[in-house]
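> I have a structure I would like to understand better, so I am pasting it below and will then ask my questions one at a time.
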Amino acid sequence: MAHRLFAATLAWTLALLLLGSIVHATESSLACPDWPTCFGTMTPEMTGGVFWEHLHRLWAGALVLLFIVATVVLWRQAPPRPSLQRTTLAGIALLLIQSVLGGLTVIYRLPDAISTSHLALAFLFLGLLTVLTVVTSRGWQERPNPAGSGLLRVGLLIAGLVFAQSILGALVRHTDAGVACPDVPLCLGRVIPPLDHWMVQLHFGHRALGLALAATTVAAAVHVLRTYSGPVPRRLVGGLLIGVLAQVALGFLSVAVQLHPAAVSTHTLLAAGLLSMSVALAAWGWAGAPMDGAGAAPNRDLHTSAGTALS
Ligand code: HEM
Ligand code: HEM
272 MAHRLFAATL AWTLALLLLG SIVHATESSL ACPDWPTCFG TMTPEMTGGV
322 FWEHLHRLWA GALVLLFIVA TVVLWRQAPP RPSLQRTTLA GIALLLIQSV
372 LGGLTVIYRL PDAISTSHLA LAFLFLGLLT VLTVVTSRGW QERPNPAGSG
422 LLRVGLLIAG LVFAQSILGA LVRHTDAGVA CPDVPLCLGR VIPPLDHWMV
472 QLHFGHRALG LALAATTVAA AVHVLRTYSG PVPRRLVGGL LIGVLAQVAL
522 GFLSVAVQLH PAAVSTHTLL AAGLLSMSVA LAAWGWAGAP MDGAGAAPNR
572 DLHTSAGTAL S
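Under the numbering used here, the first residue of the sequence shown carries the number 272, and numbering increases by one thereafter.
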């Protein structure tokens with residue numbers, strides 16, 4: 272039951288991230304000039320930018336409730352899993368800080384640092400929720416012991432790169448450097464542009480790290496597909512492989528269509544999807560805290576097992 276609730280909360284969070292990105296892309300961020308109310312009421316007229324901004328807030332409120340319900344169900348389950356219980360508390364704290372940050376973006380009229388931190392915290396929460404979703408699944412508890420499987424390291428490497436690239440992307444977005452290189456696939460007509468302006472450095476840095484991340488993901492995916500027969504890691508790296516290539520294409524498309532809201536919002540959503548899949552891969556390869564890995568069979572290894580699908 273807890274697993275299903277965390278999975279539903281994860282889907283809800285992905286939709287919230289998409290909504291947040293649409294808020295910015297449609298220039299609706301200050302459509303509600305106050306916080307926590309919108310024009311002094313919780314039920315403003317849902318037209319224009321208010322629709323996106325207030326919907327984002329209502330969706331965020333429902334997320335807090337959903338996460339609390341999943342947390343209560345987890346805490347009532349026996350046997351208790353203390354490390355997971357602590358993780359849910361960290362999740363609630365993150366959500367509260369995130370909601371205050373969301374309010375501060377409005378009150379201080381979108382300072383770059385706060386807007387970028389809002390994205391960073393959203394991704395941190397998504398990572399935490401992904402871990403909870405994976406390790407509460409029956410498949411995770413029944414999978415062969417993953418000790419030394421290497422999936423943890425591969426997952427963490429990709430997740431770390433996706434997180435760093437996403438912070439860089441948020442900086443590109445919030446400092447308005449999205450079209451500092453207005454052409455694609457080259458930048459200012461060159462493979463490596465003149466790097467004398469910080470906006471070009473930022474934009475080009477995001478492109479370059481994106482390509483490095485894609486190359487790393489392709490290499491990691493080939494390694495996992497060659498080495499592991501379990502369906503869950505194979506499905507996850509398959510998703511990462513297709514996702515990262517689509518993300519590079521979407522990044523270039525975003526520039527080509529001059530940051531059209533549909534392109535950049537899908538770019539944010541796909542970044543979130545990549546983070547979630549890579550964290551799920553790491554969680555699959557994680558042996559678990561002593562109390563949490565009770566169901567895992569000892570001394571078997573993922574290389575030869577068929578693994579068990581997430582339930
Ligand atoms: C009631 C609480 C919240 C308020 C008032 C709020 C407000 C906002 C505002 C005004 C923006 C546009 C920022 C900009 O244009 O710079 C935004 C974007 C966003 N929000 Fe929220 N938010 C809240 C809660 C959340 C939560 C709980 C999450 C996720 C866990 C979230 C995820 C996002 C994301 C991913 C973006 C896009 C950031 C970007 O484009 O870099 N928000 N939010
Ligand atoms: C491959 C991995 C990539 C990831 C994970 C990624 C992720 C992101 C994220 C999370 C943002 C911020 C969105 C937000 O704040 O809501 C962003 C912005 C952006 N990215 Fe990427 N990106 C990648 C590759 C690329 C590439 C190769 C390009 C090529 C041009 C690109 C172009 C952009 C642009 C132009 C923006 C700013 C959008 C705006 O101003 O609204 N990205 N990226």
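Every residue, glycine too, gets a C-beta built ideally from N, C-alpha and C.
The structure presented is a predicted model; accordingly, all values stated were derived computationally and were not measured.
1) Sorted by chain position, which residues of the same chain lie with C-beta nearer than 6 Å to Glu324's C-beta, five sequence neighbours on each side aside?
2) Going by the DSSP bridge assignment, what does Arg461 pair with across the sheet?
3) DSSP puts Cys309 in a beta bridge; with which residues?
4) Is there at least one Cβ from chain C nearer than 8 Å to Cys458's Cβ?
5) What's the call for Phe396, buried or exposed, on a 16-neighbour Cβ count within 10 Å?
6) My output table needs one value for Pro353: the three-state DSSP class, helix, strand or coil.
7) Whole angstroms are fine: how far does the CA of Ala551 sit from the CA of Val503?
8) Tell me, to the nearest whole angstrom, how far the beta carbon of Ala492 is from that of Leu512; I am working on the premise that it is less than 8 Å.
9) What residues in its chain sit with their C-beta under 7 Å from that of Gln529, if we drop five residues either side in the sequence?
10) Could you give the DSSP three-state label for Glu324: helix, strand or coil?
11) Could you tell me the distance, in whole angstroms, from the CA atom of Gly559 to the CA atom of Thr401?
12) Return the Cβ separation of Leu480 and Val519 in integer angstroms, given the expectation that the two are a contact with Cβ distance under 8 Å.
13) Within 7 Å: the Cβ of Leu473 and any heavy atom of ligand 1?
14) Evaluate Leu360 with the Cβ neighbour count: other Cβ atoms within 10 Å of its Cβ, from every protein chain shown; 16 or more gives buried, anything less gives exposed.
15) Report the residue from Arg461, Val526 and Val433 whose alpha carbon sits nearest the alpha carbon of Pro453.
16) Exposed or buried, what is His274 when buried is set at 16 or more other beta-carbons lying within 10 Å of its beta-carbon?
17) Comparing C-alpha positions only, which one of Leu329, Ala296 and Gly319 sits nearest to Thr312?
18) Suppose you measure from the CA of Ala580 to the CA of Val433; what does that come to, to the nearest Å?
A quick look at the data gives this:
1) Counting only Cβ-Cβ distances below 6 Å, and skipping sequence neighbours, we find Val294, Ser299, Ala302 and Cys303.
2) Arg461 is bridged by DSSP to Cys458.
3) Note: Cys309 sits in a beta bridge opposite Thr312.
4) Checking the listed chains, one finds no chain C in this structure; it contains a single protein chain.
5) With 16 or more other Cβ atoms within 10 Å, it is buried.
6) When DSSP states are grouped into helix, strand and coil, Pro353 belongs to the helix group.
7) Looking at the two C-alpha atoms, the distance is approximately 10 Å.
8) Approximately 4 Å separates the beta-carbon atoms of Ala492 and Leu512; this is inside 8 Å, confirming the contact.
9) Beyond the five residues adjoining it in sequence on each side, Gln529 comes within less than 7 Å, by CB distance, of Val450 in the same chain, given in chain order.
10) Of the three classes helix, strand and coil, the one that applies to Glu324 here is helix, per DSSP.
11) When rounded, the distance between both Cα atoms is 14 Å.
12) At roughly 11 Å, the Cβ-Cβ gap does not stay under 8 Å, so Leu480 and Val519 are not in contact.
13) Checking every heavy atom of ligand 1 against the Cβ of Leu473, none is found closer than 7 Å.
14) That one is exposed.
15) Here the closest residue by C-alpha is Val526.
16) Buried: at least 16 other Cβ atoms inside 10 Å.
17) Nearest to Thr312 by C-alpha distance, out of Leu329, Ala296 and Gly319, is Leu329.
18) Caution applies to Ala580, whose pLDDT of 37 falls short of 50 and renders its modelled position unreliable; the value that the coordinates give is listed next. Ala580 and Val433: Cα-Cα distance of roughly 25 Å.
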